[in-house]
Amino acid sequence: MNTTPLTPLGPLATPVFAADDVVVIGTSTGGIDALRIVLGGLPLQFPAAVLVVMHIGSHDSILPSLLAGATQLPVRHARDGDILEPGRVLVAPPDRHLLLQRDGDRARVALAHGPRENHARPAIDPLFRSAAAAFGARATAVILTGMLDDGTAGLQAIKECGGKAVVQLPEDAFAADMPASALRHVEVDHVLRLPQIAAMLDRIVGDSLVAARNAPRQVPDWIRLENRFAAGSADMDSLAKFGTPSTFTCPECHGSLWELHGLVPRRYRCHTGHAYTEKVLADHQCQAVEESLWAALRALQEKERLLRQMADEAIASGHAGTAVDYVEQAAQAQRSGEVLRRLLTAAQDGTDTFVKQP
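Position one of the sequence shown corresponds to residue 1 (full-length UniProt numbering), numbered consecutively onward.
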């Protein structure tokens with residue numbers, strides 16, 4: 001461990017020691033209980049910094065307080081400029097990507113309101129990629145329970161830079177998607193049940209070799225470029241270096257999506273920076289289609305009511321022929337609406353993939 005005291009930001013701050021090792025943890029659905037078990041198993045003198053991303057979106061979060069009661073380690077939301085300290089847990093705050101940046105021989109937190117990845121901010125991939133670049137072989141990444149496949153690409157970055165990958169056993173997870181995707185696409189070092197993960201992390205960090213500590217960080221270009229996008233500092237020229245235009249458009253900004261080279265699962269990014277795996281993209285498009293159909297159904301229902309009202313007014317004014325036209329148009333709107341409603345409710349018997357009506 002680095003024994004040179006450092007002074008964090010703030011005039012009255014007490015000296016801290018920079019962490020040589022980092023553990024980054026990503027989770028989503030079912031993640032609170034999983035995090036409490038993993039963090040609760042770490043010893044008080046855990047020699048690595050611990051950073052956590054859970055999909056919380058832009059809503060106010062009390063996640064640090066929920067975790068603090070389960071662990072001996074101090075837990076709080078990360079702040080921009082924080083120095084990473086061993087035995088401290090920093091949690092991604094709402095609506096900010098949690099990134100790491102090198103500052104000489106130490107690493108600092110950088111919070112970024114960059115583009116969403118896999119429709120999430122904070123997202124797991126940006127943290128993992130930045131940890132890979134900042135710590136190389138001294139980074140260990142953990143994927144816990146969660147839906148879809150955020151974290152898989154970040155785990156690939158960890159492995160490419162020499163770090164370790166630990167994944168929760170899918171059968172042990174509340175939601176198996178994220179662990180299963182990681183195992184399908186990444187050469188994982190350890191697959192464990194929740195109660196086993198803390199001891200393994202302690203062992204991995206404890207076994208860290210001097211050779212690994214002093215090894216140069218060979219960071220592939222694609223990781224550097226992706227990190228720039230997460231920080232909001234990349235552009236279309238950067239995207240052209242590791243992607244080719246696809247036929248798809250971004251669900252969020254409606255710009256063209258570029259397919260990124262050499263990554264599995266297949267990933268897409270637009271020039272403003274939004275990024276998706278193909279699985280997340282398909283899920284998002286499905287939701288967009290459903291929302292559009294519900295909006296169309298509401299419009300048809302309103303059209304029917306308006307036309308029937310106009311027919312009543314035409315009859316009252318003595319324009320029976322006009323009233324008949326309005327009634328026929330209203331009946332057509334009603335029939336169209338019934339077709340849409342049958343399509344939307346087909347999900348209830350498993351014949352479609354739409355989610356519940358908002």
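For glycine and all other residues, C-beta sits at the position ideal for the given N, C-alpha and C.
Alpha carbon to alpha carbon, how far is Tyr-268 from Glu-328? Locating residue 268 in the sequence shown gives position 268, where the first residue counts as 1. Locating residue 328 in the sequence shown gives position 328, where the first residue counts as 1. The alpha-carbon atoms of Tyr-268 and Glu-328 are separated by roughly 47 Å.
Output the boundary residues of the alpha helix (DSSP H) element that contains Ser-246. Along the sequence shown, one-based indexing puts residue 246 at 246. Ser-246 -> not in any alpha helix (DSSP H); beta strand (DSSP E) instead, spanning 243-249.
Measure the alpha-carbon distance for Ala-120 versus Tyr-276 and round it to whole angstroms. Residue 120 sits at position 120 when you count from the first residue of the sequence shown. Residue 276 sits at position 276 when you count from the first residue of the sequence shown. Roughly 10 Å between the two C-alpha positions.
Have a look at the DSSP bridge pairing and note the partners of Ala-120. As a first step, residue 120 must be located in the sequence shown, where it is residue number 120. Its beta-bridge partners are Glu-117.
Sorted by chain position, which residues of the same chain lie with C-beta nearer than 7 Å to Leu-155's C-beta, five sequence neighbours on each side aside? For the purposes of this step, residue 155 is identified with residue 155 of the sequence shown, where counting begins at 1. These residues qualify, in order along the chain: Phe-128, Ala-141, Ile-143, Ala-165, Ala-182 and Val-186.
If we count the other Cβ atoms within 10 Å of its Cβ and call it buried at 16 or more, is Gly-41 buried or exposed? The sequence position of residue 41 within the sequence shown is 41, counting from 1. So Gly-41 ends up on the buried side.
In chain order, what residues of the same chain have a beta carbon less than 7 Å from the beta carbon of Arg-36, not counting five sequence neighbours either side? For the purposes of this step, residue 36 is taken as residue 36 along the sequence shown, with counting starting at 1. Same-chain partners within the cutoff: Leu-67 and Ala-70.
Rank Cys-161, Gly-151, Arg-193 and Ala-295 by C-alpha distance to the C-alpha of Arg-184 and give the top, closest one. Counting from 1 along the sequence shown, the entry for residue 184 is found at position 184. Here the closest residue by C-alpha is Gly-151.
Segments assigned beta strand (DSSP E), at least 3 residues, entirely inside the segment 67-149: For secondary structure counted as the beta strand (DSSP E) over 3 or more consecutive residues, the segment 67-149 holds these complete runs in sequence order: 75-77, 89-91, 97-103, 106-112 and 139-143.
Glu-259, DSSP secondary structure in three states: Here residue 259 is taken as the residue at index 259 of the sequence shown, counted from 1. In the structure shown, Glu-259 sits in a strand (DSSP, three-state: E or B).
Run through the DSSP bridge pairs and tell me what Arg-298 is partnered with. Along the sequence shown, one-based indexing puts residue 298 at 298. Looking at the DSSP assignment, Arg-298 forms no beta bridge with any residue, so it has no partner.
Indicate the three-state DSSP secondary structure (helix, strand or coil) for Thr-152 in the structure shown. Numbered from its first residue, the sequence shown carries residue 152 at position 152. Helix.
Asp-237: buried (16+ other C-beta within 10 angstroms of its C-beta) or exposed? Taking the sequence shown and counting its residues from 1, the one referred to as residue 237 is at position 237. Asp-237 is exposed by the Cβ-count criterion.
On the CB-based measure, 16 or more other CB atoms within 10 Å of its CB, does Leu-111 come out buried or exposed? Counting from one through the sequence shown, the residue named residue 111 turns up at place 111. Label assigned to Leu-111: buried.
Sheet register partners of Gly-206 (DSSP bridge): Locating residue 206 in the sequence shown gives position 206, where the first residue counts as 1. DSSP lists no partner for Gly-206.
Euclidean distance between Cα positions of Ala-134 and Ala-107: Counting from one through the sequence shown, the residue named residue 134 turns up at place 134. Counting from one through the sequence shown, the residue named residue 107 turns up at place 107. The straight-line gap separating the alpha-carbon atoms of Ala-134 and Ala-107 is approximately 7 Å.
With DSSP collapsed to three states, give me the class of Ile-25. Residue mapping note: residue 25 aligns to position 25 of the sequence shown, counting from 1. Strand at Ile-25.
State the DSSP-derived secondary structure class of Cys-270, mapped to helix, strand or coil. Translated into positions along the sequence shown, residue 270 becomes position 270. Cys-270: strand per DSSP, three-state reduction.
Spatial distance of Ala-48 from Val-205 (CA atoms): The count along the sequence shown starts at 1 and reaches residue 48 at position 48. The count along the sequence shown starts at 1 and reaches residue 205 at position 205. Each residue's Cα considered, the two are about 7 Å apart.
Using a 10 Å radius around the Cβ and a threshold of 16 neighbouring Cβ atoms, would you call Val-210 buried or exposed? As a first step, residue 210 must be located in the sequence shown, where it is residue number 210. Confidence at Val-210 is low in this model, with a pLDDT of 45, below 50, so its placement is unreliable and no value can be given for it.
At the level of alpha carbons, what is the spacing between Cys-161 and Ala-296? Position 161 of the sequence shown, counted from the start, is the residue given in the question as residue 161. Position 296 of the sequence shown, counted from the start, is the residue given in the question as residue 296. In a straight line, the C-alpha of Cys-161 is about 49 Å away from that of Ala-296.
What is the DSSP secondary structure of His-55, counted as helix, strand or coil? What you label residue 55 is simply residue 55 of the sequence shown in a count that begins at 1. Coil, per DSSP.
Taking only three categories from DSSP, how would you classify Val-289? For the purposes of this step, residue 289 is identified with residue 289 of the sequence shown, where counting begins at 1. Val-289 falls in the helix class under three-state DSSP.
Look up Leu-340 in the DSSP assignment and say whether it is helix, strand or coil. Taking the sequence shown and counting its residues from 1, the one referred to as residue 340 is at position 340. Helix, per DSSP.
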